[in-house]
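Here the structure comes first, spelled out in structure tokens, and everything after it is commentary.
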Amino acid sequence: MDKSRPSRDRPRRNVGTELKARQNQDLSSTGPSRLAERTNLREGASKGLPDDSKNHNCHVLGRIGGVIYQSSRIGREQKIAMEMAIHDFEKRSLNCSKLVLHLKDLDLNSAGAVSAAVELVNQKHVDAIQGTLTLQEAAQLVEFVNVIKDVPIISITSKSSSTAPIPEKLLPFIQMTNHIDVQIQCIASIVGHFRWRKVITVYERSTSFTEDSGIITHLSDSLRGVDSFVEHHIAFPIASSLSNRGAYVKQELNKLKSKSVRIFIVMRSSLDFAVIRFEKAKELGMMEKGYVWIVADEIAGFLDSIPSPVILNMQGVIGFKNNYEDTSESFRDFRTKFRRMYRSKYPEEEEYSNPSFYALRAYDATWIVAKALQNLQGKIDSKELVKQIFHSNFEGLSGRISFNDGFLTQNPIFQIVNVIGKSYREIAWWSPEYGFFEDQIENEEMKKGIFEGLEGKLTSIYWPGSERTVPKGWTLAGTEKPLRIGVPARGAFNQFVNVVFDQDRNETSIGGFSIDVFEAAVKQLPYHLPFAFVPYYGSYDEMVAEVHNKRLDAAVGDTEIMADRYVYAEFSQPYIESGLVMVVTVKPGLKDKGFVVVDAFKKEMWIQMAAMSMSSAVAIWLTEYANNNPDIRGSFWQLISSMLWFCVTVLSLAHRETIRSNLSRLVLVAWLCVVAAVAACFTAVLSSMLTVPKLQPSILDVDYLLRINAPVGCNGNSFIVRYLINVLHFKPENIRKINSINHYPSAFDKGEILAAFFVAPHAKVFLAKYCKGYIMTGPTYKLGGFGFVFSKGSPLAIDISEAILKITQNGEVNQLEKRMLSFSNCSTLLTQVADNVGSLGPEPVSGLFKISGSISTIAIVIAVARLMRRQWSIHDLVQRLLTMKRVWRWAALILTECYSGFGLRFFRETTIMGQNHQTDAAQDRMGQKEISLELTTTQTYI
1 MDKSRPSRDR
11 PRRNVGTELK
21 ARQNQDLSST
31 GPSRLAERTN
41 LREGASKGLP
51 DDSKNHNCHV
61 LGRIGGVIYQ
71 SSRIGREQKI
81 AMEMAIHDFE
91 KRSLNCSKLV
101 LHLKDLDLNS
111 AGAVSAAVEL
121 VNQKHVDAIQ
131 GTLTLQEAAQ
141 LVEFVNVIKD
151 VPIISITSKS
161 SSTAPIPEKL
171 LPFIQMTNHI
181 DVQIQCIASI
191 VGHFRWRKVI
201 TVYERSTSFT
211 EDSGIITHLS
221 DSLRGVDSFV
231 EHHIAFPIAS
241 SLSNRGAYVK
251 QELNKLKSKS
261 VRIFIVMRSS
271 LDFAVIRFEK
281 AKELGMMEKG
291 YVWIVADEIA
301 GFLDSIPSPV
311 ILNMQGVIGF
321 KNNYEDTSES
331 FRDFRTKFRR
341 MYRSKYPEEE
351 EYSNPSFYAL
361 RAYDATWIVA
371 KALQNLQGKI
381 DSKELVKQIF
391 HSNFEGLSGR
401 ISFNDGFLTQ
411 NPIFQIVNVI
421 GKSYREIAWW
431 SPEYGFFEDQ
441 IENEEMKKGI
451 FEGLEGKLTS
461 IYWPGSERTV
471 PKGWTLAGTE
481 KPLRIGVPAR
491 GAFNQFVNVV
501 FDQDRNETSI
511 GGFSIDVFEA
521 AVKQLPYHLP
531 FAFVPYYGSY
541 DEMVAEVHNK
551 RLDAAVGDTE
561 IMADRYVYAE
571 FSQPYIESGL
581 VMVVTVKPGL
591 KDKGFVVVDA
601 FKKEMWIQMA
611 AMSMSSAVAI
621 WLTEYANNNP
631 DIRGSFWQLI
641 SSMLWFCVTV
651 LSLAHRETIR
661 SNLSRLVLVA
671 WLCVVAAVAA
681 CFTAVLSSML
691 TVPKLQPSIL
701 DVDYLLRINA
711 PVGCNGNSFI
721 VRYLINVLHF
731 KPENIRKINS
741 INHYPSAFDK
751 GEILAAFFVA
761 PHAKVFLAKY
771 CKGYIMTGPT
781 YKLGGFGFVF
791 SKGSPLAIDI
801 SEAILKITQN
811 GEVNQLEKRM
821 LSFSNCSTLL
831 TQVADNVGSL
841 GPEPVSGLFK
851 ISGSISTIAI
861 VIAVARLMRR
871 QWSIHDLVQR
881 LLTMKRVWRW
891 AALILTECYS
901 GFGLRFFRET
911 TIMGQNHQTD
921 AAQDRMGQKE
931 ISLELTTTQT
941 YI
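Just so you know, this note's numbering puts 527 at position 527 of the sequence shown, and the rest follows in order with no gaps.
Structure (structure tokens):
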């Protein structure tokens with residue numbers, strides 16, 4: 001068997017020598033004090049103590065060993081509870097069974113826990129051991145496996161146990177203590193709820209360095225899940241190793257006081273050491289406003305049992321303690337007997353004799369062993385005893401008792417308590433399954449109440465210094481003085497930061513958009529933040545350097561977030577977007593003034609309008625001609641000219657011809673609707689072009705400025721000068737530094753600059769004030785935005801960033817920006833090129849065009865059909881179509897018939913109306929002959 005043990009900080013001890021020393025100590029322990037103690041046990045039988053004289057005829061079920069610290073409060077409570085459990089078991093036994101309890105006092109010497117356990121087995125022949133043995137100490141007992149064998153060990157120490165699985169080679173080890181990861185989860189939940197970013201852990205060093213480092217690592221991992229971390233941790237030595245504990249504790253607390261973090265988590269500590277620690281913390285002023293102390297169950301569990309002076313030193317402390325049923329009849333009986341016995345044993349503590357949770361656990365642990373021994377009926381076998389213990393399943397004083405892999409199966413429920421006055425009050429409950437909740441979880445419906453309503457209760461906490469608001473958890477320079485926040489006093493745009501000195505009142509007033517945003521963000525913080533603005537008369541880069549050098553705690557203003565600045569300081573979330581833009585003068589004017597009317601419509605629009613007008617006129621003319629309208633008569637050229645004129649006159653209903661056909665009227669109505677819509681669009685577009693002229697920038701891009709070595713202007717107090725030189729490659733001699741927004745117009749007018757470079761928020765302000773004559777042009781060079789400056793690692797940067805997101809999402813930043821730009825006198829800001837006012841295409845009236853065109857097409861088809869029907873009968877046409885053999889013959893026939901029937905009649909009518917009667921007769925005879933000849937030829941050909 002591997003007998004290697006964990007590495008320890010101190011030299012390996014000779015356990016054999018210790019055993020001999022223990023034996024000598026037992027031989028010398030028969031003095032008066034020991035005899036008096038045994039006499040007190042017998043005398044206390046009438047008060048609830050076991051009386052061995054009455055049970056001398058009863059058979060012994062077994063022997064139980066106990067390893068405790070009787071000099072500590074928890075040890076004294078465990079001793080009384082074990083004796084009560086033995087007495088209650090014997091009293092309830094039906095067959096006069098007796099249990100023997102052997103207790104070993106460690107006298108605050110944890111190194112003797114191993115030797116005490118070996119001695120109990122070797123000399124007292126105990127069947128089980130219970131007490132303050134830890135897993136690490138039990139691991140050392142493997143070396144004495146021949147002595148210990150399979151004796152079960154039940155740990156009821158107040159220290160949280162490790163969650164690591166128990167090795168198979170280890171002796172039977174049963175842990176009735178809380179898992180350390182459960183306590184760490186509870187601590188992380190508290191820290192995460194109040195959004196503290198940094199904490200300091202305080203704990204009492206154990207005998208195992210590995211165990212201590214594991215706790216810190218585990219806590220750091222859990223805190224990382226709630227966006228927090230352990231900035232510093234301090235380990236106090238074991239109390240028994242210090243000769244002057246008070247002086248040492250005060251010295252170490254002074255070191256913690258110099259830290260900026262004000263959240264202290266007491267992880268592992270004995271009650272005696274905690275009493276000294278809080279006493280010295282109060283002397284040093286570390287229990288005042290701004291501090292937070294969180295204690296684990298090892299201390300909070302004794303709040304019912306410690307004197308009032310100690311409670312008064314812990315005002316405002318938050319703790320969590322194991323929850324148990326304190327209203328049952330069994331608990332009330334136990335508490336009554338316990339207080340009577342405790343007062344009789346320790347009369348000096350009569351006022352504080354209430355049992356703690358650890359007394360309940362000691363009582364239950366003893367009862368577990370007693371019931372297991374009873375089940376064996378005197379046939380004691382270590383392995384069978386272990387099985388009986390693991391099969392335990394009953395409701396004890398401390399909760400449900402059942403085991404799984406050496407641990408209690410029931411996860412603890414912690415009461416979150418707040419120390420106030422001479423006692424404490426419960427503010428919430430917490431469990432690993434459900435998190436925080438206000439009331440005890442009794443059914444499935446109450447499981448839904450996680451975090452619901454919790455905010456209201458936790459905000460009523462009384463913090464150290466009787467503070468009601470949640471402490472922010474940190475301070476700067478180790479004091480609670482207001483933060484010194486620098487603001488740029490020489491900024492070119494006082495709309496963002498305006499520093500004005502009032503000589504009459506001898507005070508400086510500071511305002512502006514950036515100041516308003518910062519103050520709005522501070523109001524969103526869950527804690528009070530005192531601060532004072534300090535005007536800074538240097539450059540922005542110098543102001544950032546002052547924050548880095550700790551001369552300023554922070555900086556607020558129109559400070560651009562830059563990569564080179566981020567090396568020295570930390571920035572908040574940008575509260576307004578930014579980018580470098582160029583502003584130049586404009587050259588207004590209409591393009592091609594002589595043809596501006598034509599530009600109202602695009603070329604496609606004009607073409608479609610002409611086509612639609614022509615098609616509508618043709619449709620009306622053909623329809624009227626097919627209906628024999630007398631107004632549609634004349635020579636060929638007269639009919640063509642009248643048709644074209646009709647296309648124009650119909651737009652204004654000025655045509656002379658009478659419209660007789662309903663189909664023509666339908667075409668005309670549809671066309672007039674199109675004309676009305678197009679005319680309205682034309683008027684609107686032309687009006688816009690004449691009243692809102694296009695703005696053309698005088699300079700289009702940066703490359704042109706670089707080519708001609710043009711002078712440009714910018715704020716000489718900002719980073720823009722460096723950006724123009726290093727990034728855009730302007731020559732330093734071509735850069736004019738302008739330190740006021742009012743100086744830019746004069747610099748443009750005098751020709752000192754051809755362009756000005758601003759960050760986008762500054763450009764908005766400039767164009768709002770000088771809205772005529774200037775325009776933004778060229779690309780926008782993306783930047784980080786405006787942010788607030790903090791020192792590296794400052795927790796305030798995270799909190800302010802979160803607050804900025806809140807006021808951005810609720811629209812408060814937009815309202816502040818609108819108020820900043822409200823000084824503009826311009827009704828319409830002509831700050832951008834007006835490309836949105838241009839020629840109109842056919843798209844807006846395409847639907848009307850389609851409707852009108854469809855009606856015209858239908859009218860034309862009907863008119864042509866009526867004209868064709870007038871010349872041929874349907875029977876002849878069908879017969880000819882059926883007899884023709886090829887398509888071209890049918891086409892020739894149609895063309896011939898149209899020419900003979902329609903074309904010659906058309907020319908005949910026009911000739912008769914233009915000449916005298918005799919000439920008309922001669923031409924008629926000649927035409928008839930020609931027609932007869934052509935018909936004969938065509939018929940012969942067919």
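The beta-carbon is built from N, C-alpha and C at its ideal position, and this holds for glycine as well.
Q.
Considering only their Cβ atoms, is the gap separating N709 from N734 smaller than 8 angstroms?
A. yes
Q | DSSP beta-bridge partners of I735 | A | V712
Q: Using alpha carbons as the reference points, say which of P152, E83, P697 lies closest to G406.
A: P152
**Q.** Beta-carbon proximity list for A569, same chain, < 7 angstroms, skipping 5 on both sides
**A.** V544, V547, H548, V789, F790, S791, K792
Q: For A521, collect the residues of the same chain with a Cβ closer than 7 angstroms to its Cβ; drop the 5 residues on either side in sequence, then sort them by chain order.
A: I800, A803, I804, I807
Q: Can you grab the Cα-Cα spacing for the pair A944 / V618, in whole Å?
A: Because the chain here runs from 1 to 942, residue 944 falls outside it and cannot be looked at.
Q: Determine which residues share a DSSP beta bridge with D502 and list them.
A: E507
Q | Assumed close pair S740, T475 - CB separation to whole angstroms, cut-off 8 angstroms | A | Not confirmed; about 39 angstroms, so no contact.
(Q) Which residue marks the beginning of the beta strand (DSSP E) containing F531, and which one marks its end? (A) 531-536
Q: Determine, using beta carbons only, whether K98 and E90 come nearer to each other than 8 angstroms.
A: yes
Q) Mapping DSSP to helix, strand and coil, what is N404? A) strand
Q) Leaving out the 5 sequence neighbours to the left and right, which residues in its chain are closer than 7 angstroms to M612 when beta-carbon positions are compared? A) V674, F849, S852, G853
Q) How far does the alpha helix (DSSP H) with D105 in it reach, from first residue to last? A) Note, D105: premise wrong, no alpha helix (DSSP H); beta strand (DSSP E) at 97-105.
Q. Where DSSP assigns a beta bridge to Q175, which residues make up the other side?
A. S155, F407
Q) Apart from the five residues on each side of it in sequence, which residues of its chain come closer than 6 angstroms, Cβ to Cβ, to N629? A) R660
**Q.** Nearest to N494 (by Cα), restricted to the options V765, K124, I174
**A.** V765
(Q) Once the 5 residues before and after P844 are set aside, which same chain residues still bring their CB inside 7 angstroms of it? (A) C681
Q) Taking the DSSP output, what are the residues bridged to Q415? A) K321, W429
(Q) Suppose contacts are defined by Cβ-Cβ distances below 8 angstroms. Is E350 in contact with R343 by that definition? (A) yes
(Q) Looking at Q70: is its Cβ nearer than 8 angstroms to the Cβ of R63? (A) no
Q.
According to DSSP, simplified to helix, strand and coil, what is M868?
A. helix
Q) At a cut of 8 angstroms, does the region 409-428 reach the region 308-324 through at least three beta carbon pairs? A) yes
Q) Taking buried to mean at least 16 other C-beta atoms within 10 Å of its own C-beta, is L49 buried or exposed? A) Its pLDDT being 45, under 50, L49 is placed unreliably by the model, and the measurement read from it follows with that caveat. Its Cβ being crowded by 16 or more others within 10 Å, L49 is buried.
Q | Cβ contact (3+ pairs, closer than 8 angstroms) linking the region 276-293 and the region 239-259 | A | yes
(Q) Just checking M267 against the ligand MN - is the residue's beta carbon closer than 7 angstroms to any of the ligand's heavy atoms? (A) Among the ligands in the structure shown, none appear at all, so the ligand MN cannot be discussed.
Q | Outcome for I389 when other beta-carbon atoms lying within 10 angstroms are tallied against a minimum of 16 | A | buried
Q.
Let's see if you can read the secondary structure: which residues bound the beta strand (DSSP E) around V487?
A. 483-488
Q) On the premise that Y566 lies in contact with P488, defined as a C-beta separation below 8 angstroms, what is that separation, rounded to the nearest angstrom? A) Between Y566 and P488 the Cβ distance is about 18 angstroms, and since that is not below 8 angstroms, they are no contact.
Q. Between which two residues does the beta strand (DSSP E) containing Q130 stretch?
A. 128-131
Q | Close beta carbons around A128, own chain, < 6 angstroms, minus the five adjacent residues each side | A | I64, P152, V369
Q. When DSSP labels each residue in this structure, what does R707 get in the three-state scheme?
A. helix
Q: Return the CA-CA distance between A296 and V182, expressed in angstroms with no decimal places.
A: 11 angstroms
Q) Excluding five sequence neighbours on each side, which residues of the same chain lie with their C-beta closer than 6 angstroms to the C-beta of Q524? A) A803, K806
Q) Which two residues bound the contiguous alpha helix (DSSP H) that contains T366? A) 357-376
Q.
Using 8 angstroms as the threshold, is the C-beta distance between L706 and F757 below it?
A. no
(Q) Only counting the same chain, and skipping five residues up and downstream in sequence, which positions put a Cβ closer than 6 angstroms to that of G511? (A) N498
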